[in-house]
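So in the UniProt record's numbering, spot 125 of the sequence shown is number 125, and the numbers just go up one at a time. The structure under discussion appears below in the form of structure tokens.
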Amino acid sequence: MANPLDTDAGSELFSSYEAELKLVQADLNQKLDQIPDLSGEPRKAAITQAERALEEANELLDQMRLEKQNIPSATRTKVNQRFRNHESDVDASKRKLRTLSDDRSALFGSRYSDNPNDVQLEQRQQLLSGTDRLERSSQRLKASQALANDTEAIGASTLADLHRQREVIQHTNDTLLESEGYVDRSVKTLRGMARRMATNRIITVSIITVLVLLIIAVIVSKFR
């Protein structure tokens with residue numbers, strides 16, 4: 001059997017799949033233990049239920065196989081060992097179910113015959129084959145529907161993210177336009193200050209020039 005659940009060695013999602021697989025495996029083992037004591041229709045019903053549990057276990061293994069690729073390599077060794085243990089358990093259950101399913105004398109009871117000309121046997125085989133194909137088609141349809149739902153959810157999430165990003169870009173553009181307006185006003189203010197400084201400089205120079213001329217005039221008038 002698989003090792004105990006070790007949440008420190010794997011991701012939370014992987015551990016969730018692992019816990020669910022343990023429940024499915026326990027249910028599958030219980031069904032496999034009941035099948036040898038059954039015959040006829042109850043046995044066929046039990047085998048069908050076991051096949052569904054086995055398919056669910058395989059689906060969980062597929063999910064775990066994908067998820068363990070996202071686990072850091074430092075802890076992936078333990079996770080790989082746990083995964084191989086689970087995979088081995090499921091394979092053992094699959095072989096046991098195949099053995100039980102091939103026991104047609106127990107499956108059909110006293111009506112079973114190995115005579116290849118037995119029309120009823122051929123019809124039963126065709127019925128079982130058709131039921132298996134229908135069940136597999138139903139499971140694939142459910143998987144496709146689940147995938148479509150996941151894809152739709154991802155698409156909706158992506159659209160929501162794009163809408164938020166558009167709002168951020170729009171806000172950033174508005175901020176840039178507002179900043180540009182501030183810069184224009186600052187440039188105009190600086191230009192006005194520069195003009196006033198130039199004007200003040202000219203006025204100051206003019207006043208100093210007038211004062212110098214007046215001083216020279218006063219000095220000249222004294223020496224005459």
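We put the CB at the ideal spot given by N, CA and C, even for glycine.
Determine the contact status of residue i and residue j, defining contact as a CB-CB distance below 7 Å.
i, j, result
"Leu-28", "Ser-101", "no"
"Ala-50", "Lys-31", "yes"
"Glu-67", "Leu-13", "yes"
"Asp-61", "Glu-20", "It should be noted that the sequence gives Leu, not Asp, for residue 61. Their beta carbons are not under 7 Å apart, which means Leu-61 does not touch Glu-20 by this criterion."
"Gln-34", "Ala-46", "yes"
"Ala-57", "Val-90", "yes"
"Ser-11", "Ile-71", "yes"
Measure the C-alpha to C-alpha separation of residue i and residue j and round it to an integer number of angstroms.
i, j, result
"Gly-130", "Asp-150", "30 Å"
"Ile-154", "Arg-185", "47 Å"
"Leu-54", "Gln-145", "20 Å"
"Leu-128", "Gln-63", "29 Å"
"Val-76", "Asn-173", "At residue 76 the sequence reads Arg, which differs from the Val that was named. Their Cα atoms are separated by approximately 46 Å."
"residue 240", "His-171", "Nothing about residue 240 can be read from this structure; the chain reaches only from 1 to 224."
"Glu-178", "Thr-204", "39 Å"
"Leu-134", "Gln-165", "46 Å"
"Leu-97", "His-163", "52 Å"
"Val-218", "Tyr-182", "54 Å"
"Gly-192", "Val-210", "27 Å"
"residue 228", "Ser-137", "With the chain covering only 1 through 224, there is no way to say anything about residue 228."
So, helix, strand or coil for residue i, using DSSP?
i, result
"Leu-38", "coil"
"residue 244", "The question about residue 244 has no answer here: the residues shown for the chain are numbered 1 through 224."
"residue 291", "As shown, the chain starts at 1 and ends at 224. That puts residue 291 outside it, with no answer to give."
"Arg-43", "helix"
"Phe-14", "helix"
"Arg-224", "coil"
"Ile-207", "helix"
Say yes only if the C-beta of residue i is nearer than 6 Å to one or more non-hydrogen atoms of the ligand SAH, and no if none qualify.
i, result
"Lys-44", "The ligand SAH is not among the ligands present in this structure, which contains no ligands whatsoever."
Item to check | Secondary structure, beta strand (DSSP E): runs of 3+ residues fully inside the segment 64 to 104 | outcome: none
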